[in-house]
Amino acid sequence: MPKQTVRDIEVSGRKVLVRVDFNVPQTESGEVSDDRRIRGAIPTLVNILERGGSLILVSHLGRPTGDPAADAPFRMDKPAERLASLLGKKVVKVGDTVGPEAVAACSSLAPGGIVMLENVRFNKGEKKGDVEFAKKMAALADCYVNDAFGTCHRDEASMVAVPEQFAHDRRAIGFLVEKELNILATLLGEPRHPYVAVMGGAKVSDKIGVIENLVKKVDKLLIGGAMTYTFLSAMGHSIGKSKVESDKLEMARALMHSAGDKLVLPSDHLVASAPEAGAETKVVVGPDIPDGWFGMDIGPRTAAEYDALIQSAAVVIWNGPMGKFETKDFAAGTKAVAQSLARSPGITAIGGGESAEAIEKFGLADKVSHVSTGGGAFLESLEGKRFNSLGVIPDKV
Ligand code: ADP
Ligand code: MG
Numbered sequence: 410m411p412k413q414t415v416r417d418i419e420v421s422g423r424k425v426l427v428r429v430d431f432n433v434p435q436t437e438s439g440e441v442s443d444d445r446r447i448r449g450a451i452p453t454l455v456n457i458l459e460r461g462g463s464l465i466l467v468s469h470l471g472r473p474t475g476d477p478a479a480d481a482p483f484r485m486d487k488p489a490e491r492l493a494s495l496l497g498k499k500v501v502k503v504g505d506t507v508g509p510e511a512v513a514a515c516s517s518l519a520p521g522g523i524v525m526l527e528n529v530r531f532n533k534g535e536k537k538g539d540v541e542f543a544k545k546m547a548a549l550a551d552c553y554v555n556d557a558f559g560t561c562h563r564d565e566a567s568m569v570a571v572p573e574q575f576a577h578d579r580r581a582i583g584f585l586v587e588k589e590l591n592i593l594a595t596l597l598g599e600p601r602h603p604y605v606a607v608m609g610g611a612k613v614s615d616k617i618g619v620i621e622n623l624v625k626k627v628d629k630l631l632i633g634g635a636m637t638y639t640f641l642s643a644m645g646h647s648i649g650k651s652k653v654e655s656d657k658l659e660m661a662r663a664l665m666h667s668a669g670d671k672l673v674l675p676s677d678h679l680v681a682s683a684p685e686a687g688a689e690t691k692v693v694v695g696p697d698i699p700d701g702w703f704g705m706d707i708g709p710r711t712a713a714e715y716d717a718l719i720q721s722a723a724v725v726i727w728n729g730p731m732g733k734f735e736t737k738d739f740a741a742g743t744k745a746v747a748q749s750l751a752r753s754p755g756i757t758a759i760g761g762g763e764s765a766e767a768i769e770k771f772g773l774a775d776k777v778s779h780v781s782t783g784g785g786a787f788l789e790s791l792e793g794k795r796f797n798s799l800g801v802i803p804d805k806v
């Protein structure tokens with residue numbers, strides 16, 4: 410059942426507490442280096458303002474330690490400034506979350522006004538899901554909107570205990586969460602076929618749940634990235650010095666057994682004499698990596714084979730880079746897959762922290778149907794998990 414959205418609740422003349430995910434990448438000096446998550450929340454925020462509501466925004470940023478000096482870069486000032494410039498509106502940033510500054514700013518908030526609270530994780534009550542803390546936060550506002558998809562897999566106070574303080578007709582999801590849930594419903598429902606999943610990344614152990622769940626739905630599961638070598642090793646092939654999870658071979662065998670011929674491994678590899686820029690590289694064809702070499706990327710033949718499958722697919726989901734793409738020498742396979750998705754006529758969805766970073770880096774994010782703003786939340790959704798943060802938002806009536 411679809412969830413009640415911000416469209417379905419009365420916001421006129423009301424103060425709307427919006428849990429956003431402004432946990433953005435930052436530079437050394439604390440500047441916002443990628444504002445995708447801030448831009449992602451704009452449609453919800455504009456909708457509330459245009460309908461006569463006011464905004465109280467709350468988010469976490471980084472991993473604060475509790476030491477105020479060390480935590481200074483995690484204050485919400487920079488994201489608040491970026492939001493102000495994107496909206497072309499004043500954003501009042503306060504220095505606490507539920508303390509006197511927040512209470513004062515929120516009580517004098519008029520329709521059209523915007524308050525950004527301080528980093529919610531500066532409060533111990535947030536991680537603990539503390540109800541007393543949640544009550545104080547809820548008391549600032551008249552209704553609650555969750556537009557923080559990237560945090561939906563967490564049971565923190567601002568995600569679960571805070572919305573629980575509001576009447577059912579005053580809780581909703583925002584448009585970003587709605588969009589993420591719609592694409593997940595497509596990917597996990599009864600999608601059209603052929604349905605192709607491309608999985609890569611660092612470790613097969615991070616993705617077991619996703620592979621197990623997706624294998625039931627997809628027609629092909631194309632493997633790349635470092636997890637390739639755990640599968641090849643499990644099959645008895647030599648993997649040279651490639652990254653491998655030697656304690657996961659049994660599990661890799663079980664996955665291959667259940668996936669049968671749906672699972673496709675690379676037919677060639679880019680190998681390097683060392684896992685770093687400038688090392689000697691060559692392409693090897695076949696399932697064995699020569700002694701002393703590191704498997705760093707899928708090869709060109711694999712990229713072409715995967716492209717053919719992606720072009721003929723009705724639905725494609727991609728998680729996990731095909732190689733160590735952060736180093737230019739090992740980025741070709743990931744770039745080729747990104748270009749394949751961009752060209753594909755089907756529904757194309759991408760999720761995962763580094764995968765989203767990769768498609769942005771290649772400038773192709775606008776050419777696919779959806780790039781998820783949630784790393785962990787996207788993967789856990791694909792595993793079939795249900796989140797408490799969404800359980801507390803009523804279904805649409
Ligand atoms: P995502 O965040 O998209 O889910 P992961 O976190 O699983 O992806 O993995 C991303 C990381 O995997 C990247 O930082 C990439 O450098 C690394 N990686 C992929 N292939 C290789 C490889 N062959 N050797 C070393 N690292 C790899
Ligand atoms: Mg990652």
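Residue 410 is where the sequence shown starts when you use the numbering used here, and the numbers rise one by one after that. For glycine and all other residues, C-beta sits at the position ideal for the given N, C-alpha and C. Since the structure is predicted, the reported quantities are computational estimates derived from the model, not experimental observations.
Straight-line gap, residue i to residue j (C-alpha atoms, nearest Å)
i	j	result
K588	E689	44 Å
D697	V624	25 Å
R423	D706	53 Å
R752	G618	29 Å
K537	E565	6 Å
D539	L590	27 Å
P452	M410	22 Å
G761	L799	20 Å
A713	N456	44 Å
A547	P520	18 Å
N432	H469	6 Å
L466	R446	14 Å
G534	A765	31 Å
V693	P572	55 Å
Neighbourhood of residue i by C-beta, 6 Å cutoff - its chain only, sequence neighbours within 5 removed
i	result
D486	K502
S517	none
Cut-off 7 Å between Cβ atoms - residues of its own chain near residue i, not counting five sequence neighbours on either side
i	result
T757	V725, L750, V777 and S778
G701	G649 and K650
V500	A489, L492, A493, I523 and M525
P434	S442 and D443
E527	R484, M485, V503, G504, D505 and T506
D628	H602, P603, Y604, V605 and K671
Three-state class that DSSP yields for residue i in the structure shown
i	result
A782	Sequence inspection shows Thr at residue 782; the Ala mentioned does not correspond to that position. Of the three classes helix, strand and coil, the one that applies to T782 here is coil, per DSSP.
F796	coil
D775	helix
A706	Checking the displayed sequence, the identity of residue 706 turns out to be Asp instead of Ala. Note: D706 maps to strand in three-state DSSP.
V554	strand
M636	helix
M568	coil
S463	strand
I582	strand
A683	coil
R472	coil
I756	strand
Cut-off 8 Å between Cβ atoms - residues of its own chain near residue i, not counting five sequence neighbours on either side
i	result
Y638	I648, S651, K652, V653, I698 and G704
A514	V501, V503 and V524
Given 8 Å as the limit, is there contact between the stretch 649-664 and the stretch 706-723, that is, 3 or more CB pairs closer than that? no
Quick check: the stretch 547-557 against the stretch 567-581, are there 3 or more CB pairs under 8 Å? Because the criterion of three Cβ pairs below 8 Å is met, the stretch 547-557 and the stretch 567-581 touch.
What does the shell around the ligand MG hold, if a residue joins when its beta-carbon is under 5 Å from any heavy atom? G762 and E763
Assess, as a yes-or-no matter, whether the stretch 673-689 is touched by the stretch 630-644 under the definition of 3 or more beta carbon pairs within less than 8 Å. They touch, by the three-pair rule.
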